[in-house]
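Residue numbers for the sequence shown follow this note's numbering, so the first one is 161 and each next one is one higher.
Beta carbons are placed, not taken as given, at the ideal position from N, Cα and C, and that holds for glycine.
Quantities reported herein were computed from a predicted structural model and do not represent experimental measurements.
A short write-up of the structure that comes next.
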Amino acid sequence: MNSQLVTTEGRFLKDSLYNEGILIVWDPSVYHSDIPKWYQSPDYSFFENYKSYRKLHPDQPFYILRPQMPWQLWDIIQEVSPEEIQPNPPSSGMLGIIIMMTLCDQVDIYEFLPSKRKTDVCYYYQKFFDSACTMGAYHPLLFEKNLVKHLNQGTDEDIYLLGKATLPGFRRIRC
Numbered sequence: 161m162n163s164q165l166v167t168t169e170g171r172f173l174k175d176s177l178y179n180e181g182i183l184i185v186w187d188p189s190v191y192h193s194d195i196p197k198w199y200q201s202p203d204y205s206f207f208e209n210y211k212s213y214r215k216l217h218p219d220q221p222f223y224i225l226r227p228q229m230p231w232q233l234w235d236i237i238q239e240v241s242p243e244e245i246q247p248n249p250p251s252s253g254m255l256g257i258i259i260m261m262t263l264c265d266q267v268d269i270y271e272f273l274p275s276k277r278k279t280d281v282c283y284y285y286q287k288f289f290d291s292a293c294t295m296g297a298y299h300p301l302l303f304e305k306n307l308v309k310h311l312n313q314g315t316d317e318d319i320y321l322l323g324k325a326t327l328p329g330f331r332r333i334r335c
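In structure tokens, the structure reads:
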């Protein structure tokens with residue numbers, strides 16, 4: 161999840177939605193910033209809420225993503241994109257997809273590539289509607305979606321009817 165959610169959503173420390181599974185928080189650092197520099201000046205000051213959460217839920221797995229990882233992913237997205245993209249970090253969704261591709265042999269993703277049920281809802285945690293959330297205003301969503309479409313091993317019908325893309329895990333990709 162984005163550090164903005166951990167910092168600005170008042171319910172983060174109380175909502176049971178954040179008490180299950182493995183949590184990973186990321187913060188959009190300055191492009192290729194090192195950890196000490198990033199720690200001194202994160203985009204969102206989430207460290208206090210992170211510490212409070214760890215005290216409230218000491219057994220809950222909760223990790224902080226290395227601040228370089230989003231920019232390493234951005235470099236890859238830029239490399240395979242036919243045009244220059246804005247230097248804004250990838251979306252939480254794309255970061256999650258890459259993490260799952262690292263851990264799993266196959267990753268099924270739903271509604272990252274919109275189906276015929278396309279919606280303008282931006283986030284699972286709040287009722288905010290904006291069509292820019294589908295194709296990107298801040299994050300390079302259009303380019304992320306193009307990459308996922310290229311990697312998809314499912315059918316176009318799966319995407320259109322079910323919103324489902326099937327990606328191989330990194331162990332199964334042959335270059």
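Continuous alpha helix (DSSP H) stretch holding residue i: start and end
{"i": "Asp235", "result": "228-240"}
{"i": "Leu311", "result": "301-311"}
{"i": "Val190", "result": "Premise fails: Val190 is in no alpha helix (DSSP H) and is neither H nor E."}
{"i": "Ser163", "result": "163-168"}
Cross-strand partners of residue i (DSSP beta bridge)
{"i": "Thr262", "result": "According to DSSP, Thr262 bridges with nothing at all."}
{"i": "Val267", "result": "Leu327"}
{"i": "Asn341", "result": "The displayed coordinates of the chain run from 161 to 335. Any statement about residue 341 would go beyond what the structure contains."}
{"i": "Ile319", "result": "Answer is none; Ile319 lacks a bridge partner."}
{"i": "Leu183", "result": "Phe222"}
Limits of the beta strand (DSSP E) - the one that residue i falls within
{"i": "Leu327", "result": "324-328"}
{"i": "Phe222", "result": "222-224"}
Rounded Cβ spacing between residue i and residue j (contact assumed at less than 8 Å)
{"i": "Lys197", "j": "Asp268", "result": "Actually they are not in contact, since the Cβ atoms of Lys197 and Asp268 sit about 37 Å apart, beyond 8 Å."}
{"i": "Met254", "j": "Leu233", "result": "7 Å"}
{"i": "Tyr204", "j": "Leu173", "result": "Not quite, the Cβ-Cβ distance comes to about 15 Å (not below 8 Å), so this is no contact."}
{"i": "Leu307", "j": "Ile237", "result": "6 Å"}
{"i": "Leu321", "j": "Ser275", "result": "6 Å"}
{"i": "Pro218", "j": "Pro250", "result": "About 31 Å separates the two Cβ atoms, so there is no contact after all."}
{"i": "Asn162", "j": "Ser241", "result": "The Cβ separation is near 22 Å, so there is no contact."}
Segment contact, 8 Å Cβ cut-off, at least three pairs: the stretch 256-266 with the stretch 319-332: The stretch 256-266 is in contact with the stretch 319-332.
Counting Cβ pairs, one atom from each stretch, are 3 or more of them under 8 Å apart for the stretch 239-246 and the stretch 204-220? No contact exists between the stretch 239-246 and the stretch 204-220.
Is there contact here, the stretch 217-236 with the stretch 172-192, by at least three beta-carbon pairs under 8 Å? In short, these stretches touch, since the Cβ pair count reaches three.
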